[in-house]
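Undergrad: Take a look at this one; I'll ask things after.
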Ligand SMILES: [Zn+2]
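In my numbering, the protein residues as written are 6 to 162.
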């Protein structure tokens with residue numbers, strides 16, 4: 006699958022804004038836990054309006070292919086963030102998180118530098134998860150580049 010280029014995102018969506026005012030709140034069909042503070046439960050988060058429907062469809066469909074116990078046990082409910090007004094690491098380019106068109110899941114088991122030998126999302130139990138994201142227009146950086154397996158990004162047309 007092609008991946009987003011910064012220049013194309015800017016052309017389609019404009020520069021990212023240092024504000025949450027242009028974002029839309031996505032209500033989640035199952036609660037999530039903040040990956041870096043597991044006492045905190047998340048029932049909604051802010052997304053770019055362009056991914057509001059497709060990402061909502063992803064989570065509804067995840068509840069059809071996994072039950073709530075599996076979602077918890079597989080740590081799919083570990084939320085690693087969506088909107089973050091920042092540049093890419095070691096780069097002058099904007100992170101796709103600055104537009105809130107990407108979401109991270111379970112960054113503990115899918116750390117940035119992990120390859121498919123270490124990242125949980127490369128394992129067979131997560132094939133349905135990967136397929137649900139792809140069928141709704143998202144790609145996974147681990148699948149595409151074999152790093153940053155936590156990262157699911159919406160392909161901007
Ligand atoms: Zn990410």
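The C-beta atom is built at its ideal place from N, Cα and C for all residues, glycine as well.
1. Please classify residue 19 as buried or exposed, where buried requires at least 16 neighbouring CB atoms within 10 angstroms.
2. Please return the same chain residues whose Cβ sits closer than 8 Å to the Cβ of residue 51, not counting the five positions on each side in sequence.
3. Measuring straight from C-alpha to C-alpha, what distance separates residue 21 and residue 49?
4. Any heavy atom of ligand 1 inside 7 Å of the beta-carbon of residue 156?
5. So residue 36 and residue 47 are supposed to be a Cβ contact under 8 Å. How far apart are they, rounded?
6. Are there 16 or more other CB atoms within 10 angstroms of the CB of residue 6, so buried, or fewer, so exposed?
7. Tell me, to the nearest whole angstrom, how far the beta carbon of residue 100 is from that of residue 92; I am working on the premise that it is less than 8 Å.
8. Going by C-alpha distance, which of 110, 94 and 63 is nearest residue 77?
9. What would DSSP say about residue 39, mapped onto helix, strand or coil?
10. Of the residues 155, 56 and 65, which one's Cα is nearest the Cα of residue 85?
TA: So, from the data block:
1. As a working note, residue 19 is residue 14 in the chain shown. It counts as exposed.
2. On the chain shown, residue 51 is found 46 positions in, with the first residue counted as 1. Only 25, 28, 29, 30, 31, 87, 88 and 105 meet the Cβ criterion.
3. Within the chain shown, the letter at position 16 stands for residue 21. Within the chain shown, the letter at position 44 stands for residue 49. Distance between the alpha carbons of residue 21 and residue 49 is about 21 Å.
4. To locate residue 156, count along the chain shown from 1; it is residue 151. Checking the Cβ of residue 156 against ligand 1 gives yes.
5. Within the chain shown, the letter at position 31 stands for residue 36. Within the chain shown, the letter at position 42 stands for residue 47. Yes, residue 36 and residue 47 are in contact; Cβ-Cβ is about 7 Å, under 8 Å.
6. To locate residue 6, count along the chain shown from 1; it is residue 1. By the Cβ-count criterion, residue 6 is exposed, with fewer than 16 other Cβ atoms from all chains shown falling within 10 Å of its own Cβ.
7. What you label residue 100 is simply residue 95 of the chain shown in a count that begins at 1. What you label residue 92 is simply residue 87 of the chain shown in a count that begins at 1. With a Cβ gap of about 6 Å, residue 100 and residue 92 count as contacting.
8. Looking up residue 77 in the chain shown gives position 72. If we check each option's Cα against that of residue 77, 110 comes out closest.
9. Sequence index remark: in the chain shown, residue 39 carries index 34 (1-based). Under the three-state reduction of DSSP output, residue 39 falls in the strand class.
10. Here residue 85 corresponds to residue number 80 of the chain shown, with the count starting at 1. Closest by alpha carbon: 155.
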